[in-house]
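Engineer: Residue numbers (the working numbering), protein chains in the order written: chain A, 3 to 251; chain B, 3 to 251.
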């Protein structure tokens, strides 16, 4: 069964309050980085997986994309997207990523922001996305970093007697699979995978790796959220750029 | 200046005693893994960077390679290699990897076992290695894992009151560069680089990434060195396979 935690009312309220604050790791760290990695979007057909309220897809339209298909499992998210980022060039689809059917090569770019760690079967999704892309099309996604998702215990850092962070804890790295955590509600499920599993899974399905990125915060983010300086000590996210084959988009 | 710690007499004696024990992480973890990743070697020309006493190069000859050039900075190592693994098909060269000059495309395979973390300027070495390889030739190397080399403090794990390992400490990940440690002698210098630096450095110089691997110990190793089970909790090594272009060797 696919997780649809975003339709849990308590989770949704907590998450939306965070998001509406405009002061999140997404705002200052992950979104600037993934947007900075997008290719020239003029006239391109884009799919946005785990589109949430649609901000990234709308950005793609603003940058010249001819159309965007935004996919999200959560009805509440799609409903918000239709309010906040309605656009005649954007079609929203409420569906689990895993349930999309294979299709002819239609897209120039598939982008996915912090959704793949919710997916149980990575490889079959990658295989399917390969069928969605035109030759030369790109898949760009961000994910919680495997060195973050690895450890099963929630307490993932230690402080000294002065309250300073000593280090981050790493453990259970090779034990791939389900991780349960409390994030607004109990039972938020993520799936941990090693870096080779992520990368080799792409290559094995016919993608060429183009770039890996562990984003650093924007200067504005460093001012507004001083904790972001910890990204220099341990990266929270990993961004992976790959291409259906080696020809340019 | 290139580090030549292996010619330090105290280091060399300590290291050779360890090596001669036949019970090391190389024996049970890194060497089985990197050997398992080598392509068909029949008639191939191989370069072995940081060849040490020549065991890996000799293995390549046994697997059908037509010739091996073994390169090591340490005269003591080359001298041992000439005793232990002399072979008419192997030429040993005593030189820092960094000092090899660019040359015409000569090799089908460049292999390097646990040497690249001693190299200060990774990208210029990768650029040079690209000139050594025939089109379709492979570069396969192992390196201490960036999640191991990241932290500057020597103490990298915590135990509870029962002496059980709690977790590994991760820190300073984005702060690339020099790490000094005590290993038989003070002042052993290694260079920490992030995973994207390693991977993007290859791609940027014209290599295609084929596979990443975080090796697990052999069953025999698990019996003889029980600490190796910790590899399931945090990998010590990273093996990276890449190709000069996408055509098979």
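All C-beta atoms, glycine included, are put in the ideal place defined by N, C-alpha and C.
Measure the Cβ-Cβ separation of residue 215/A and residue 241/A and say whether it is below 9 Å.
Structural biologist: Yes; because the gap between Cβ atoms is below 9 Å, this pair is in contact.
Engineer: Identify which residue in 141/A, 133/A, 217/A has its Cα closest to the Cα of residue 210/A.
Structural biologist: Closest by alpha carbon: 141/A.
Engineer: Give the straight-line distance between the Cα atoms of residue 161/A and residue 171/A, rounded to the nearest whole angstrom.
Structural biologist: For residue 161/A and residue 171/A, the distance between alpha carbons rounds to 11 Å.
Engineer: Can you tell me where the alpha helix (DSSP H) holding residue 175/A begins and where it ends?
Structural biologist: It is not in any alpha helix (DSSP H) - residue 175/A carries neither H nor E in the DSSP assignment.
Engineer: Please confirm whether residue 40/A and residue 111/A have their CB atoms less than 9 Å apart.
Structural biologist: Result yes, Cβ atoms of residue 40/A and residue 111/A sit closer than 9 Å.
Engineer: Would you check if there are 3 or more beta carbon pairs closer than 8 Å linking the segment 25-37 of chain B to the segment 222-235 of chain B?
Structural biologist: Yes, the segment 25-37 of chain B is in contact with the segment 222-235 of chain B.
Engineer: Tell me which residues share the same chain as residue 236/A and place their Cβ nearer than 6 Å to its Cβ, disregarding the 5 neighbours each side in the sequence.
Structural biologist: Taken in chain order, the residues that qualify are 170.
Engineer: Look up residue 119/B in the DSSP assignment and say whether it is helix, strand or coil.
Structural biologist: Helix.
Engineer: Which of helix, strand or coil does DSSP assign to residue 191/B?
Structural biologist: Residue state, collapsed to three classes: strand.
Engineer: Since I believe residue 4/A is in contact with residue 266/A (beta carbons under 8 Å), could you give me their beta-carbon distance rounded to a whole number of angstroms?
Structural biologist: Because chain A here runs from 3 to 251, residue 266/A falls outside it and cannot be looked at.
Engineer: Within 9 Å (strictly less), CB to CB, does residue 251/A reach chain B?
Structural biologist: A caution first: residue 251/A carries a pLDDT of 46, below 50, which makes its placement in the model too unreliable to give a value.
Engineer: Please specify which runs of the beta strand (DSSP E), each continuous and at least 3 residues long, are wholly inside the segment 31-114 of chain B, giving them in chain order.
Structural biologist: Listed in chain order, the complete beta strand (DSSP E) runs (minimum 3 residues) inside the segment 31-114 of chain B are 47-51, 69-74, 92-96.
Engineer: Apply the 10 Å Cβ neighbour rule to residue 250/B and answer buried if 16 or more other Cβ atoms are within range, or exposed otherwise.
Structural biologist: Residue placement at residue 250/B cannot be trusted, given a pLDDT of 48 that sits under 50; what the coordinates show is reported in the next sentence. When all chains shown are included, residue 250/B counts as exposed.
Engineer: Name the DSSP beta bridge partners of residue 244/A, please?
Structural biologist: Answer by DSSP bridge pairing, in chain order: 141/A, 211/A.
Engineer: For the alpha helix (DSSP H) that residue 223/B lies in, which residues bound it at each end?
Structural biologist: From DSSP, the alpha helix (DSSP H) with residue 223/B extends over 221-226.
Engineer: Taking residue 38/A and residue 128/A to be in contact with their CB atoms under 8 Å, please state how far apart those CB atoms are, rounded to whole angstroms.
Structural biologist: Actually they are not in contact, since the Cβ atoms of residue 38/A and residue 128/A sit about 23 Å apart, beyond 8 Å.
Engineer: Output the distance between the C-alpha atoms of residue 21/B and residue 75/A, rounded to the nearest integer angstrom.
Structural biologist: Straight-line Cα distance between these residues: approximately 55 Å.
Engineer: If we ignore side chains and look at the alpha-carbon of each, how far apart do residue 180/A and residue 198/A end up?
Structural biologist: Answer to the nearest angstrom: the Cα atoms are 17 Å apart.
Engineer: If you draw a straight line from the alpha carbon of residue 132/B to that of residue 8/B, how long is it in whole angstroms?
Structural biologist: Looking at the two C-alpha atoms, the distance is approximately 27 Å.
Engineer: Could you please give the first and the last residue of the uninterrupted beta strand (DSSP E) stretch that includes residue 182/A?
Structural biologist: First-last of the beta strand (DSSP E) with residue 182/A: 179-185.
Engineer: By Cβ distance, which residues of its chain are closer than 6 Å to residue 117/B, with the 5 residues on each side in sequence left out?
Structural biologist: 51, 52.
Engineer: For residue 25/B, which residues from the same chain have a beta carbon less than 7 Å from its beta carbon, with the 5 sequence-adjacent residues on both sides left out?
Structural biologist: Contacts found: 226, 227.
Engineer: Please state whether the Cβ-Cβ distance between residue 254/B and residue 193/B is less than 9 Å.
Structural biologist: Here chain B comprises residues numbered 3 to 251, so residue 254/B is not present and cannot be evaluated.
Engineer: Check whether the Cβ atoms of residue 95/A and residue 66/A lie closer than 9 Å to each other.
Structural biologist: Cβ atoms of residue 95/A and residue 66/A: not closer than 9 Å.
Engineer: Using Cβ-Cβ distances below 8 Å, what residues of the segment 207-223 of chain A are close to chain B?
Structural biologist: Those residues of the segment 207-223 of chain A that come within reach of chain B (Cβ to Cβ, closer than 8 Å) are 210, 211, 212, 213, 214, 215, 216, 218.
Engineer: Just the chain A side, please: which residues come within less than 7 Å of residue 196/B by C-beta, in chain order?
Structural biologist: Near residue 196/B (Cβ distances below 7 Å), the residues of chain A are 216.
Engineer: Considering only their Cβ atoms, is the gap separating residue 149/B from residue 12/A smaller than 9 Å?
Structural biologist: The answer is no: Cβ separation not under 9 Å.
Engineer: Please report the distance separating the alpha-carbon of residue 247/B from that of residue 207/B.
Structural biologist: For residue 247/B and residue 207/B, the distance between alpha carbons rounds to 11 Å.
Engineer: State buried or exposed for residue 184/B, treating a residue as buried only when at least 16 other CB atoms are found within 10 Å of its CB.
Structural biologist: By the neighbour-count rule (16 or more Cβ atoms within 10 Å), residue 184/B is not buried but exposed.
Engineer: Hey, how far is the Cα of residue 115/A from the Cα of residue 145/A?
Structural biologist: In a straight line, the C-alpha of residue 115/A is about 7 Å away from that of residue 145/A.
Engineer: In its own chain, which residues sit with a C-beta less than 7 Å from the C-beta of residue 105/A, not counting the 5 before and 5 after it?
Structural biologist: Answer for residue 105/A: 133, 134, listed in chain order.
Engineer: Select from the segment 161-176 of chain A all residues with a C-beta closer than 9 Å to any C-beta belonging to chain B, and list them in chain order.
Structural biologist: Flagged, chain order: 167, 168, 169, 170, 171, 172, 173, 174, 175, 176.
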